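These notes concern the structure reproduced below.
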Amino acid sequence: MLDWLQPRGEVLAVCEATGGYERLVVAGLREGGVAVPVAHPNRVRADARAGGYEAKTDGLDAVVLSRYGEAFQPPATLAQDADRIRLQDLLRRREQLVGQRTQEKNRLARVHNPASQDSIRRHIAWLDEEIGLLDEQCQELLKQNAEFQRQVEWYRSVPGVGIQTAAAVVAWLPELGQCESNVLAALCGVAPWSRDSGQQRGYRSTRGGRRPGENIEPEPEAAVTKGLLTALGVMLVCTIIPVAQFLLAPFGPFLGAYFGIRSVDTEGSDPLVAAAKFGAAVGAVSGIILVVIALILTVVLPMPGRFVALTWIAVAVFATYVAGMSTLGGLYRLMKTRTVPVAAEAS
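What the sequence shown shows, in the working numbering, is residues 801 to 1147, in sequence order.
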C-alpha cells in the first residue's frame, strides 16, 4: 500500500475505527509518512445514508470513506506512543474484568445452590487477584515513564481525582492541555447537548465521547457542589454531570500551562468565587431569619394567626430556594472558568 501511495504525493488515508483491527494499518501508514484520520463509524455511516448508500460491502465501504474524506477533510488522528497504547490495553482489560466481577456479584445474590455459590465466589476471588495484578502493572508502567508519572501527580492534586481516574486520563485523553474545558467535556461525554426547536426547549442530555474515569473519589469540594444541587431539588442523576464538569474544568488551563500553551493567572481573588459565596450566605441568612420570625409568630399568635405564620415559613423556604438558584448561575460560570495554581512553574 505504501509503495502505491508514495508516488502520489500528499495523501489523506481515511480509516474507519473498527474496535482495534485498524491499529496495525494506521501505525504502518504513519510510519510511511501518510496522514491517517481514524473516522467514527457512526459519522461515516450517516454520511453514506445521506449520499444514498444503503447497502454495505467492502467495495462500497471504500467508496464511502473516500467520499467522507473528500467532503469533510478530517484532521489526522493524534499519534500515540507505545507506552500509552500499552496503558490503554491494560485499562481496557481491567474494565472488562471489573464488569465480569460486577456480573458475578449480582448472580451471587440470586443463586441459592451452595455449590454454585462456591463457584461464583472462587471466580470473584480470581477476578480480584487479576484486577490487582493489572493495577500493579499499570502503576509500574506509570512509574517507568517519567512523563506519565508527572502527569499523574498533577492530576491527583485536583480534588476528587484518584489514581484510577488519573491513569485513565493519561491513557485516553492525550488532548488535555490543547483544548478548552468545554471541548474536554465533549470528549469525555459529559457535555449537555441542546435539543431545541422553535419555542420548544428540550431536555439537555449527554451522549458519546470517551469516558476515561468512572471511579472519581468523592472529595469535599465536589461533594459540596453535588449537595447544593441535590438540596435545591435537582434530581440525583442530574447532579453527576455538573460534578464531573466541575472536576474536569481545571484540566484545560492546568495542562495548558504544563505544555506551555497558555498561562494560568494565580494572582488575586476570583470574583466568581466571591459572588458564589456571597449569594449562598445571603440565601442562608435570609432563610434563617424568616424561619425564626415565622416560628415566633406561631408560638405567640392564636390559632388563626398560625396560618399566617405557616405562610411566612413557605415564603422563607421559597426565598432560600431562589437565592440558591441565583447562586447556581455563579457556580455554573465558575465551573467553566475555574483554574488551579500551577506548582513551582512546572519545575
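All residues carry an ideal CB built from backbone N, CA and C; glycine is no exception.
The model shown is predicted, which means the values in this text are computed figures rather than measured ones.
Beta-carbon spacing of residue 986, residue 887 below 8 Å: no
Distance, residue 1006 Cα to residue 863 Cα: 32 Å
Pairs of beta-carbons, one from the stretch 943-957 and one from the stretch 970-983, closer than 8 Å: are there three or more? yes
If you scan the stretch 833-909 from start to end, which runs of the alpha helix (DSSP H) of 4 or more residues do you find wholly inside it? 841-850, 858-872 and 882-908
Roughly how many angstroms separate the alpha carbons of residue 911 and residue 857, rounded to a whole number? The alpha-carbon atoms of residue 911 and residue 857 are separated by roughly 45 Å.
Helix, strand or coil: which one does DSSP assign to residue 1019? With a pLDDT of 46 at residue 1019, under the threshold of 50, the predicted position of this residue should be treated as unreliable, and no value is reported.
Between the Cα of residue 792 and those of 999, 874, 978 and 1009, spot the shortest distance and give me the residue it belongs to. Limits of the chain in this structure are 801 at one end and 1147 at the other, which puts residue 792 out of reach.
If you compare alpha carbons, which of 931, 929 and 976 is closest to residue 1151? In this structure the chain extends from 801 to 1147, so residue 1151 is not present and cannot be described.
Per DSSP, residue 1000 is paired with what? 997
For the pair the stretch 847-855 and the stretch 813-833, tell me if three or more CB-CB distances fall below 8 Å. no
With burial defined as no fewer than 16 other Cβ atoms inside 10 Å of the residue's Cβ, what is the status of residue 920: buried or exposed? buried
Taking the straight line between their C-alpha atoms, what separation do you get for residue 804 and residue 905? Going by C-alpha positions, residue 804 is about 54 Å away from residue 905.
Mind checking which residues open and close the alpha helix (DSSP H) that includes residue 976? Segment: none, residue 976 is in no alpha helix (DSSP H) and carries neither H nor E.
For the ligand ADP, any of its heavy atoms closer than 7 Å to the Cβ of residue 985? Of the ligands one can find in the structure shown there are none, so the ligand ADP has no counterpart to examine.
May I ask you to report which of helix, strand or coil DSSP gives residue 957? Secondary structure at residue 957: coil, using DSSP grouped into helix, strand and coil.
Measuring only the C-alpha atoms, how far is residue 835 from residue 899? Those two C-alpha atoms are separated by around 36 Å.
If you check the beta carbons only, do residue 817 and residue 846 fall under 8 Å apart? Judged by their CB atoms, residue 817 and residue 846 are not nearer to each other than the 8 Å cut-off.
Could you check if residue 892 is buried or exposed, using at least 16 other CB atoms within 10 Å of its CB as the buried criterion? exposed
Length of the line joining the Cα atoms of residue 908 and residue 964: 26 Å
Taking only the alpha-carbon atoms, compute the straight-line gap between residue 938 and residue 890 and give it to the nearest angstrom. 7 Å
Please name the residue in 980, 927, 974 and 983 whose C-alpha comes closest to that of residue 884. Nearest option by C-alpha distance: 974.
Proximal residues to residue 875 (C-beta, below 8 Å), its chain only, five neighbours per side dropped: 837
Run the CB neighbour count on residue 1004, radius 10 Å, all protein chains shown included, and call it buried at 16 or more, exposed below. exposed
Do residue 894 and residue 931 have their C-beta atoms within less than 8 Å of each other? yes
CA-CA distance, residue 903 and residue 828? 38 Å
Among 830, 984 and 997, nearest to residue 881 - alpha-carbon criterion: 830
Rounded to a whole number of angstroms, what is the C-alpha to C-alpha distance between residue 984 and residue 917? If I take the Cα positions, the gap works out to 44 Å.
Inter-residue spacing [alpha-carbon to alpha-carbon] between residue 860 and residue 866: Approximately 10 Å between the Cα atoms of the pair.
Out of 819, 982 and 996, which has the shortest C-alpha to C-alpha gap to residue 990? 982
Assuming residue 965 is part of the alpha helix (DSSP H), what are its boundary residues? Annotation for residue 965: the continuous alpha helix (DSSP H) segment containing it runs 963-972.
What's the gap between the Cα of residue 822 and the Cα of residue 868? 17 Å
Could you pull the DSSP bridge partners for residue 816 from this structure? 839
If you follow the alpha helix (DSSP H) that residue 806 is in, where does it begin and where does it stop? Note, residue 806: premise wrong, no alpha helix (DSSP H); not H, not E.
Along the alpha helix (DSSP H) that carries residue 830, what are the first and last residues, could you check? 823-831
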